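*Asks:* Residue numbers (this note's numbering): 133 to 377.
Where a beta carbon is used, it is the ideal one built from N, C-alpha and C, also for glycine.
Since we're looking at a predicted model, the values are computed, not measured.
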Amino acid sequence: MGKLDNKIALVTGGTGGIGTAICQRLADDGAQIVTTSTNPEKAAKWQAKQNFDSTIIKCDVGNYDDCKAMKEQIEKELGVVDIVVNNAGITRDGSFRKMDTEKWSQVITTNLNSVFNISHQFVDGMTGKGYGRIINISSINGQKGQFGQTNYSAAKAGVHGFTMALAQEVARKGVTVNTVSPGYIATEMVMAVAEEIRNQIIAQIPIGRLGKPEEIGALVAFLCSDEAGLITGANLAANGGQHMH
Ligand code: CAA
């Protein structure tokens with residue numbers, strides 16, 4: 133018996149570094165996995181490599197109509213979603229003087245508007261059932277700011293404001309809403325930072341290493357469990373001690 137047997141979990145951007153580990157862990161706990169992708173070919177290759185079943189739906193999380201169509205498809209084919217992990221995200225780094233409107237709006241759309249676009253589809257299903265989990269993946273850089281990430285830090289800080297507000301609105305209906313703020317995790321996104329800069333960042337992490345995607349998967353799985361029913365509106369940091377507050 134898994135803790136999440138008979139639960140349907142939608143993990144946006146589930147084919148990425150942290151997303152894959154979240155999908156894997158929720159599947160290990162018994163959940164049926166649905167994920168989004170904007171690149172069906174890449175997603176099909178990903179799916180073939182995993183040891184769990186999943187449903188992949190082509191969806192741009194920054195586009196409300198795509199999210200609405202996805203909800204209709206999931207409800208028709210699988211049922212009402214119990215768990216939403218808003219994980220899809222991108223970076224478009226550059227110092228503020230080099231930040232253009234495109235880099236700004238791409239990151240706000242994909243990392244922040246998506247949280248509205250997706251959660252808006254599924255929250256009524258959860259409150260109707262009297263059970264639900266919404267977990268928003270933010271970042272250490274939404275908590276402390278980061279040189280070169282005015283766009284990303286703004287979006288990620290905004291995500292937690294959303295969490296705290298929605299948590300209050302759905303608390304009495306058995307739905308919890310939380311933020312997880314990973315630090316620097318060993319994924320392609322972090323490996324894209326120039327090596328020299330990355331090494332300077334690692335030097336600031338008290339545990340002396342990057343995080344592992346599975347460490348975020350384990351935290352998300354805990355938040356999904358019944359045991360975590362008391363935790364709502366929280367922002368849980370998993371950053372090796374790089375930022376404490
Ligand atoms: N503090 C102060 N000054 C800094 C600095 C810092 N942290 N980082 C760079 N600078 C300085 C440089 O020394 C350089 O100075 P000079 O001009 O005097 O030589 C100047 O700033 C560079 O400025 P530019 O305008 O040329 O910067 P740029 O547009 O080329 O951008 C950058 C540089 C790409 C942002 C680079 O600094 C960088 O990659 N920084 C790391 C960004 C980062 O941590 N991204 C995280 C990605 S992973 C992720 O986001 C996942 C997660 O949630 C953690």
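Are the Cβ atoms of V212 and T259 separated by less than 8 angstroms?
*Replies:* In the sequence shown, residue 212 corresponds to position 80, counting from 1. In the sequence shown, residue 259 corresponds to position 127, counting from 1. Not closer than 8 angstroms, so no.
*Asks:* CA-CA distance, G293 and G340?
*Replies:* Within the sequence shown, numbered from 1, the residue matching residue 293 stands at position 161. Within the sequence shown, numbered from 1, the residue matching residue 340 stands at position 208. About 30 angstroms.
*Asks:* Rounded to whole angstroms, what is the Cα-Cα separation between H252 and Q156?
*Replies:* Here residue 252 refers to the residue found at position 120 of the sequence shown. Here residue 156 refers to the residue found at position 24 of the sequence shown. Approximately 25 angstroms, taken between the alpha carbons.
*Asks:* Would you check if the distance between the CB atom of K305 and the CB atom of G262 is smaller than 8 angstroms?
*Replies:* Here residue 305 is taken as the residue at index 173 of the sequence shown, counted from 1. Here residue 262 is taken as the residue at index 130 of the sequence shown, counted from 1. Their beta carbons are under 8 angstroms apart, which means K305 touches G262 by this criterion.
*Asks:* Mind checking whether V255 and L210 have CB atoms under 8 angstroms apart?
*Replies:* In the sequence shown, the residue the question calls residue 255 occupies position 123. In the sequence shown, the residue the question calls residue 210 occupies position 78. No, the Cβ-Cβ distance between V255 and L210 is not below 8 angstroms.
*Asks:* Counting along the chain, where does the alpha helix (DSSP H) carrying K181 start and finish?
*Replies:* Along the sequence shown, read from residue 1 onward, the residue named residue 181 stands at position 49. Element bounds for K181: 172 to 181.
*Asks:* Taking 8 angstroms as the limit between beta carbons, can you name the residues of its chain near F279, skipping five residues before and five after?
*Replies:* Along the sequence shown, one-based indexing puts residue 279 at 147. These residues qualify, in order along the chain: S227.
*Asks:* Just checking N218 against the ligand CAA - is the residue's beta carbon closer than 7 angstroms to any of the ligand's heavy atoms?
*Replies:* Residue mapping note: residue 218 aligns to position 86 of the sequence shown, counting from 1. No, since every heavy atom of the ligand CAA falls outside the 7 angstroms radius drawn around the Cβ of N218.
*Asks:* By DSSP, does L368 sit in helix, in strand, or in coil?
*Replies:* Mapped onto the sequence shown, residue 368 falls at position 236. Three-state result, L368: strand.
*Asks:* Please confirm if the segment 328 to 340 is in contact with the segment 137 to 153, defined as three or more CB-CB distances below 8 angstroms between the two stretches.
*Replies:* The segment 328 to 340 is not in contact with the segment 137 to 153.
*Asks:* Classify S271 as helix, strand or coil using the three-state DSSP reduction.
*Replies:* Along the sequence shown, one-based indexing puts residue 271 at 139. Of the three classes helix, strand and coil, the one that applies to S271 here is coil, per DSSP.
*Asks:* Specify, as a first and last residue, the run of the beta strand (DSSP E) that L142 falls within.
*Replies:* Here residue 142 refers to the residue found at position 10 when the sequence shown is read from its first residue. Where L142 is concerned, the enclosing beta strand (DSSP E) stretches over 140 to 143.
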